[in-house]
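Q: If you're matching them up, the sequences are chains A and B in order.
Here the first sequence is numbered in this note's numbering, starting from 76 and rising by one per residue.
Here the second sequence is numbered in this note's numbering, starting from 76 and rising by one per residue.
Backbone N, C-alpha and C define an ideal beta-carbon position, used for all residues, glycine too.
There are 2 protein chains.
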Amino acid sequence: MEEYKSKKVLTISVVSELTYLSERQIRYYEERKLIFPERTKGGTRRYSFDDIEKLIEIAQKVEKGIQTFDIRQEEKKKERENEWHRKMLQGQLNAQFGYKR
Amino acid sequence: MEEYKSKKVLTISVVSELTYLSERQIRYYEERKLIFPERTKGGTRRYSFDDIEKLIEIAQKVEKGIQTFDIRQEEKKKERENEWHRKMLQGQLNAQFGYKR
DNA sequence: CGTGTAAGGAATTCTGACACG
DNA sequence: CGTGTAAGGAATTCTGACACG
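In structure tokens:
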């Protein structure tokens, strides 16, 4: 449904306007592996609305004094937890209904 | 809520990809007063997701052989009808509850 | 009428680097 | 570490025009 938000369609200038961050900051957060824009054939970045939300969160943390490295670690931890929950749920289902074959 | 769709944030190249229309066609439909992108200070166009939907409708009509002039007339007619309904509703409300003062 | 295209210029974006603190 | 900035080049976009049918 709301694929708008995850579609990579925004230029860095638009993202800069919407987040009030400088293009330098946006590119730096990418360098630190916090966001992952796509690229056109020509090499220009393309962001999504989800990226904008994420950038705003990042900016708030940076303002609090949290370092990008730690933000990255936290992010990775969340991913691992999600992975764990996903597997857990899958295990539950398999236990109850068995594997498809 | 869904302000995403009306926000003018897309470049013409992205719109071209999403609509499968050429940039030439997109600019031409603007020339014919069918769509109204915003402009940056520098003069580059900015479109919304709503514009994309509108462009797809336009393209379908053009394929059917309808001329842009007629599409424009139909569009204006709709606007007048909406205006009429709006005033009608307002009149109903005023008749029941009187004017604010 | 609707669309393609080559042309020349301007706006936008990119990278790597130096600076500061 | 996080961010600003000047530098040079490449990608993107713009307009007005000519072409075709």
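(1) In this structure, how does DSSP classify Y122/B when only helix, strand and coil are distinguished?
(2) Tell me which residues share the same chain as T115/A and place their Cβ nearer than 8 Å to its Cβ, disregarding the 5 neighbours each side in the sequence.
(3) By DSSP's criteria, R114/B is part of a beta bridge. Which residues make up the other side?
(4) Kindly indicate if chain B contains any beta-carbon less than 9 Å away from that of F124/A.
(5) Let me make sure I understand the geometry here. Which of K83/B, S81/B and A134/B has the alpha-carbon closest to that of Y103/B?
(6) Per DSSP, L96/A is paired with what?
(7) In the DSSP assignment, the alpha helix (DSSP H) including E78/A goes from what residue to what residue?
(8) Within 9 Å of any Cβ in chain B, is that where the Cβ of L85/A sits?
(9) Below 9 Å on C-beta distance, what does Y79/B contact in chain A?
(10) Terminal residues of the continuous alpha helix (DSSP H) containing K153/A?
(11) Taking only three categories from DSSP, how would you classify L85/B?
(12) Once DSSP output is grouped into helix, strand and coil, what is the label at K136/B?
(13) Could you tell me the distance, in whole angstroms, from the CA atom of E149/B to the CA atom of I141/B?
(14) Contact check, Y79/A vs F124/B under 8 Å by CB: the rounded distance?
A: In short, the structure shows the following:
(1) strand
(2) For T115/A, where only same-chain residues beyond five positions count, the Cβ hits under 8 Å are R121.
(3) R120/B
(4) It does: the Cβ of F124/A has a partner Cβ on chain B nearer than 9 Å.
(5) A134/B
(6) According to DSSP, L96/A bridges with nothing at all.
(7) Careful: E78/A lies outside any alpha helix (DSSP H) and carries neither H nor E.
(8) yes
(9) E77, Y79, K80 and F124
(10) For K153/A, the enclosing alpha helix (DSSP H) covers residues T143 to F172.
(11) Looking at L85/B - three-state DSSP - the assignment turns out to be strand.
(12) helix
(13) The alpha-carbon atoms of E149/B and I141/B are separated by roughly 11 Å.
(14) The beta-carbon separation of Y79/A and F124/B, rounded to 6 Å, stays under the 8 Å limit for a contact.
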